[in-house]
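The next block holds one structure in the form of C-alpha cells; read it before the comments.
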Amino acid sequence: MGSFFGEVQEAPPIEVFCLSDAFQLDKDANKVNLTVGAYRSNENKPWVLPCVRSVERSMAATDELNKEYLPITGLESMCTRGLKLILGENNPLIADKKADSCQALGGTGAVFLALQFLHNSCKCTTAYISHPTWPNHKGIAEFTGLKVKEYRYWDPVHHNVDFDGMLRDISDAPERAIIILHACAHNPTGMDLSREQWEKVAALIKVCSRELYLPPQIRSCVLRSQFSGATTITID
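The sequence shown maps to residues 1 to 236 in the UniProt record's numbering.
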C-alpha cells in the first residue's frame, strides 16, 4: 500500500530564495545580496532597526498587551492607527465610517484576504496584475478563483514606466475587475508612479466605475503598501 501522501507533487522552487541560497554559497568577499528586501549589516548579518528593538522592549514590559486572543479583525489600536496612517488623520471617509481595516498575515496575506473578500462577497471575477509583478500575486489570485490578466507597467525599451499603456489597459478592464497596484517600491522594477500619475490612475478608475453605472468597489483596487518609508523618508 502506497503512502497517503504519495501523490503530492513537489512545489516549484522560488527563484528569489534560490538566488539567496546561491549568495550564501558564494565565497566572493565583495558580494552584495539584492534578492531579499531585508536590512543587513556590513558583515552581511541581519540588522534590526534600533527603534524596532526599543519598541519591542516596551511591548514586552507593558501590561496593556497580553497573549489573549485578539478580536477576529485583529488588534483594534493597530487597525485604527494604520487606517489613519494610510488615508490621513482627518480623512472624511474615516469620519463618515466609510472606511475600515483589519489585521492580516503580512503583505501577501493582506492581498490574499482582500482578493478573497472581493471575489466571494463582491462577486469580482478578474484580477489585473502589473507586468511584471511579484509572482505570488498571480498565484494567490488564481487560488481564490479569479481570472488573472496583466496591465502594462515596465517599458523595457525606455527603462521606465509605460504609463500610457498602463492607463489604456486599466481603462479596458471589464466589469467587476480588481486592479492590484503597488503603492511604492514596485516589485520587481523599483519604479514608482509620481503623485500626478497616481492622481490620473485614481481619476481613471473612478470615471470607469461611474460610466458603467456601478458602485466604485466593482472596479476595485488592491493597494500593496508594504515598503512605505523605504523608498522615501515620508509616508506620502
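We put the beta carbon where it would ideally sit given N, CA and C, even for glycine.
Sequence-distant residues of the same chain with beta carbon closer than 8 Å to residue i, five excluded per side
i, result
"P132", "Y153, W154, P188 and T189"
"M78", "Q103"
"E15", "P135"
"Y39", "P46, W47, V48 and L49"
"S20", "N33, T35 and V36"
"E142", "V148"
"N91", "K84 and A99"
"Q9", "none"
"L87", "L93, I94 and A99"
Whole-Å CB distance - residue i paired with residue j, under 8 Å assumed
i, j, result
"I205", "I179", "7 Å"
"L115", "L146", "6 Å"
"Y128", "A185", "Going by Cβ atoms, the distance from Y128 to A185 rounds to 19 Å, so no, they are not a contact pair."
Residue i classed as buried or exposed, judged by whether at least 16 other C-beta atoms fall within 10 angstroms
i, result
"T73", "exposed"
"F112", "buried"
"R53", "exposed"
"C18", "exposed"
"L193", "buried"
"D26", "exposed"
"S3", "exposed"
"D164", "exposed"
"N44", "exposed"
"D28", "exposed"
Same chain only: Cβ atoms within 6 Å of residue i, ignoring 5 sequence neighbours per side
i, result
"T144", "L115, Q116 and H119"
"M191", "V161"
Cutoff 7 Å; reference residue i; Cβ partners in own chain excluding five residues on either side
i, result
"K31", "F23"
"M59", "L65"
"M166", "Y151, R152 and Y153"
"H137", "V111, I129 and I180"
"T231", "Annotation note: pLDDT 49 at T231 (below 50); position unreliable, no value reported."
Legend entry - Segments assigned alpha helix (DSSP H), at least 4 residues, entirely inside the stretch 69-100: 76-87 and 92-95
Inset, instruction - Determine contact between the stretch 87-107 and the stretch 154-172, defined as no fewer than three beta-carbon pairs at a distance below 8 Å. - result: no
Legend entry - Any beta strand (DSSP E) of 3 or more consecutive residues that is wholly inside the stretch 90-178: 126-131 and 147-152
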